[in-house]
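Asker: For the sequence shown, counting from 1, position 9 maps to 9 in full-length UniProt numbering; every step adds exactly one. Glycine is no exception: its CB is placed at the ideal position from the N, C-alpha and C atoms. For reference, the structure I am asking about is given below.
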Amino acid sequence: GRVLIRQRHIRVGRQIVNVPSFMVRVESEKHIDFSLTSPFGGGPAGRVKRKNQKKASGGGDAGGDEEEE
């Protein structure tokens, strides 16, 4: 949980929380959710997932692993 907060994946209300020691009031507990920009909250895919999708779709011809004679 501490890592998700530090990586800005958690929000309370409309405010992104990035301090693990953030004190949440009892009234605000029901407003804890994933950030809108986080991949967990419906945001864009992360770096590794985008890279794997690009590789799976055959994108990029900068391989350079082929031998030519």
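Which whole-angstrom value is the C-beta distance of D33 and G41, which I expect to be below 8 Å?
Answerer: Going by Cβ atoms, the distance from D33 to G41 rounds to 7 Å, so yes, they are a contact pair.
Asker: Which residue marks the beginning of the beta strand (DSSP E) containing Q15, and which one marks its end?
Answerer: That run of the beta strand (DSSP E) goes Q15 to V17.
Asker: Go ahead and pull the three-state DSSP assignment for V24.
Answerer: Three-state result, V24: coil.
Asker: Using DSSP bridges, identify the partner residues of R11.
Answerer: In DSSP, R11 forms a bridge with I16 and D33.
Asker: Roughly how many whole angstroms lie between the Cα atoms of H9 and G58?
Answerer: Taking the straight line joining both Cα atoms gives about 30 Å.
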